[in-house]
Amino acid sequence: MKHMGKKKKWFKGQVLTVLPLYLFTLLFVLGPMIYMVVLSFLTRAETWGILPELTLKNYQDIGEPIYLKTFWESIKLAVVSTLLIVAIGYPFGYFMAKLTGKWKKRVTMLLMIPFWTSSLIRLYGWIIIFRAGGVLDKLLNALHVTEEPLKLLYTYPAVVVGMVYALLPFMIFAVYSSAEKLDFSLVEAARDLGASPWKAFLTVTLKLTLPGLLSGVVLTFVPSMGLFFIADILGGNKVILVGNLIQDQLMKAHNWPFAASLSVILLALTSVMIYLYRKISGVKELEGLV
Amino acid sequence: MKNRTRLPQVYLGFLLALMYVPILLVIVYSFNESKISSVWSGFSLKWYRELFRDSAMFEALGNTLVLGAASSLCAGVVGTLGAYGMTKVKFRTKGAVEYISTLPIMIPEIILGMVFLAFFSLLGLPFGMTTLIIAHTAFCIPYVYMLVKARLVGMDKSLEEAAADLGASPVRVFFDITLPLLLPAIVSGMLLAFAMSVDDVIISVFVTGVNTNTLPLKIYTQMKTGVTPKINALCTLMFAATLLLCGLAAFLGRTPKKRDSKKELS
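Quick mapping for you: the protein sequence lines, in order, are chains V and L. In terms of this note's numbering, the first sequence has 206 at position 223, counting the first letter as 1, and numbering is strictly consecutive. Start counting at 1 in the second sequence, then tack on 867, and there's your number in this note's numbering.
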């Protein structure tokens, strides 16, 4: 009996340890999420606020050409940025994993510093580079490539550069954590057995680092549609992403139900990507997330 | 198979250098005498002097630090206890709650911002420091939780069992054995959480009140309207703080690794 009592008390103690996490998660993560979904079906009041009348109007509004175009442009930008990030980040993560211990640590550190530096500081650096008569113009002038200022600030390419720069570390760390677990002797074995370098890469290296690569894609593709401040700062008003649209609807138009429906669509898109990632890679957690 | 080319090293070096170019430019131009950042007119510390005279900047700095400390501390407690407890309890909802609790760092930040804005105004919470702390805690918890969980998986359970067999109460086992073993993971999780909180713009934009400014919010609004090199000076100081924080993290991260390698040897 005494033992039973002790067991019970023990169990109570364990419940107490998870209680804060349960409460916080239900109240401040799940609760708000559910409210967002509900909100997306409510009616916007004439001037300010929300009427408790169910409607599908907010979702029908997304079908309007102007908003569809925003979604399409966002996805296009996300695809372009993600492809560039894969092309630049995959080799980086892979080469990093192949370094010897001492250098691995050094490169990780050198990578952590910009990653931990405020993204605004790093964006601001790009303003200095891109602005008319800025560093890039001066450099190109000095090299006699161009005479006229390029006026790259507030253009589409500037936004792409900003996105790639901000999100590249996520891809690198994801690929790296996958590639680090890769047994490089497998690649050698494939080569010894007569596989061409290309074939060895496709059948061994790429296959085994796929969870990292896919995780990197999820971690870069999804956020790139929401990072409105990059589009704001480097794109001026010329590039409008779903993120900018949501922000405008919330802060300027005060049409919260519509902002909620846009968020629900973006969330659905995110969920599909995470689901696909789990399905293809067979890994539950995103590689290299923390 | 030895690398016959130095291509990988060149590639890594080139890209790393490129990553630092924008940061270095911000630093260089913070010492620029001229107000227009495209013209270099000589070395000067005047923007730093102006920065230190700006009391609103200091208020924003204070807010940022309080917010980062409070939310990483809350996340430290909730995340650590949660990760520890989750390995012990056998609730059916465990998997679902774990998944939902990590959502804040998997979904685009803008959704989190929108969701909190709507939810807090539904609850009638006044926007300001409280709402900022709740929102930041939400995305800080996953960092602590995941790092502590990973550490728990790799931990030697026999130490806890031995202490329990020798008569230590569960609470004592937790504080004397488990917590010290988890400490490196907790600290790096909290540091990461702190860094994320201090850097956050997107979520803060939505949940802050009219009178509560944080440094990133101030920089963001200035970058949109028009910048003076004062921002460069501020960014430079923030970068120096980041360097310190990274150094600290590296220093703290050193100990457990040594321990692990010792374990492998024996």
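Glycine residues also receive a C-beta, built at the ideal position from the N, C-alpha and C atoms. All of these numbers come straight from a predicted model, not from anything done at the bench.
Selection V:L250, V:E270, V:Y260 and V:A243 evaluated against I33 (chain V) yields V:A243 as nearest (Cα-Cα).
No Cβ of chain L is located within less than 7 Å of the beta carbon of G32 (chain V).
7 Å or more divides the Cβ of G935 (chain L) from the Cβ of V1 (chain V). Its chain contains V147, L150, L151, M154 and T203 as the residues whose beta carbon lies nearer than 7 Å to that of I68 (chain V), once the 5 sequence neighbours on both sides are disregarded; these appear in chain order.
Secondary structure of N899 (chain L) (DSSP, three-state): strand. For F1073 (chain L), the uninterrupted alpha helix (DSSP H) run begins and ends at I1069 to V1074, by DSSP.
Around the beta-carbon of W31 (chain V), fewer than 16 other beta-carbon atoms lie within 10 Å, marking it exposed. For L233 (chain V), the closest of L:K955, L:L891, L:S988 and L:L1084 by C-alpha to C-alpha distance is L:S988.
Between the region 253 to 263 of chain V and the region 1002 to 1019 of chain L there are fewer than three inter-stretch CB-CB distances shorter than 8 Å, so the stretches are not counted as touching. DSSP, read as helix, strand or coil, puts I894 (chain L) in helix. With respect to chain L, the C-beta atom of G209 (chain V) has a partner C-beta closer than 7 Å. F910 (chain L) carries a strand assignment under DSSP once its states are collapsed to helix, strand and coil.
Chain V places a beta carbon closer than 7 Å to that of T1109 (chain L), counting this residue as a contact.
Looking at the DSSP output, L34 (chain V) sits in a beta bridge with V:T26. V225 (chain V) and L197 (chain V) do not touch by the CB rule: their CB atoms are close to 22 Å apart, not below 8 Å. Residue contact with chain V for F983 (chain L): present (Cβ-Cβ distance below 7 Å to some residue of chain V). DSSP places E965 (chain L) in the helix class (H, G or I) of the three-state scheme. Listed along chain L, the residues sitting closer than 8 Å to F75 (chain V) by beta-carbon distance are Y878, L879 and L882. The three-state reading of DSSP puts I257 (chain V) in helix, counting H, G and I together. Against chain L, the CB of V1 (chain V) has a partner CB under 7 Å away; the residue lies at that interface. Just so you know, the alpha carbons of Y878 (chain L) and K88 (chain V) end up roughly 17 Å apart. Residue nearest to F1118 (chain L) within the set L:V1072, L:T1079 and L:L1058 is L:L1058 (criterion: CA-CA distance).
Of all alpha-carbon atoms in L:A1116, L:C1102, L:T1109 and L:C1113, the one lying nearest the alpha-carbon of L103 (chain V) is that of L:C1102.
With fewer than 16 neighbouring CB atoms inside 10 Å of its own CB, W55 (chain V) falls in the exposed class. The beta carbon of G195 (chain V) is closer than 8 Å to those of G76, A157, V158, Y159, S160, S161, A162, E270 and G271 in its chain, skipping five residues each way along the sequence.
Bounds of the alpha helix (DSSP H) holding K88 (chain V) are G84 to W99. Annotation: the continuous alpha helix (DSSP H) that includes D44 (chain V) extends over K40 to I45.
At the C-beta level, W109 (chain V) and G72 (chain V) stay beyond 7 Å of one another. In the three-state reduction of the DSSP assignment, Y137 (chain V) falls in the coil class, being assigned neither a helical nor a strand state. In the three-state DSSP reduction, T954 (chain L) falls in the helix class (H, G or I).
Considering only V:F211, V:K121, V:P35 and V:H127, the residue with the shortest C-alpha distance to S57 (chain V) is V:F211. The three-state secondary structure of F994 (chain L), taken from DSSP, is coil. For G(-4) (chain V), the closest of L:L979, L:A1030 and L:G952 by C-alpha to C-alpha distance is L:G952.
For S1025 (chain L), the enclosing alpha helix (DSSP H) starts and ends at K1024 to D1032. Taking C-beta separations shorter than 7 Å and ignoring five residues to either side along the sequence, the partners of Q230 (chain V) in its chain run F211, following chain order. Contact of L892 (chain L) with chain V by beta-carbon distance below 8 Å involves G108, I111, I112 and V118.
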